[in-house]
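Residue numbers (the working numbering): -16 to 89.
Ideal placement from N, C-alpha and C gives every residue a C-beta, glycine not left out.
Nothing here was measured: the structure is a model prediction, and the numbers come from that model.
Right, one structure below, let's go through it.
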Amino acid sequence: MTVEVLYFKGCPNHEPAVEQVRKALSMEGLTLAVEEVEITDPAMARKMSFLGSPSVRVNGLDIEPEARETVTFGFGCRTYADAEGRRSGLPPLEVIRQAARESQNA
């Protein structure tokens, strides 16, 4: 299983997102390396299908199933909705955990 956090330099949520991913993986009993991928410019953002910083992928798939169909890529900040619909710059633990479980069962 591969886990990536895509980000741009200066993103205030980059490091907290990496820690959130590590925590979620630990909660699932997984000890995996988290690859940090710096997106350096808009061209790279398009090439990497970057949905904003930070983005988390497990085995190449975005952790948010509905985001996998997105075709609008860009060099900007990303927010995530929690279970109550509130927006945050950090991916919710449960969304990361669910993506890890789905990947293990695939």
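Residue i to residue j, Cα distance in whole Å?
i: C60; j: T53; result: 15 Å
i: D65; j: A0; result: 14 Å
i: T62; j: T14; result: 26 Å
i: M118; j: R51; result: Because the chain here runs from -16 to 89, residue 118 falls outside it and cannot be looked at.
i: N88; j: A28; result: 29 Å
i: E11; j: F(-9); result: 27 Å
i: S38; j: V78; result: 12 Å
i: E67; j: H(-3); result: 23 Å
i: R80; j: V41; result: 10 Å
i: G35; j: G43; result: 15 Å
For the alpha helix (DSSP H) that residue i lies in, which residues bound it at each end?
i: E85; result: 76 to 88
Once the 5 residues before and after residue i are set aside, which same chain residues still bring their CB inside 8 Å of it?
i: P25; result: G57, F58
i: R84; result: E11
Anyone know if the C-beta pair for residue i and residue j falls short of 8 Å?
i: K6; j: L76; result: yes
i: I22; j: F33; result: yes
i: S71; j: M(-16); result: no
i: V98; j: V4; result: The question about residue 98 has no answer, for the chain in this structure spans -16 to 89.
i: V(-12); j: L8; result: no
Q | Within the segment -9 to 57, ranges of the beta strand (DSSP E) (whole runs, at least 3 residues) | A | 17 to 21, 38 to 41
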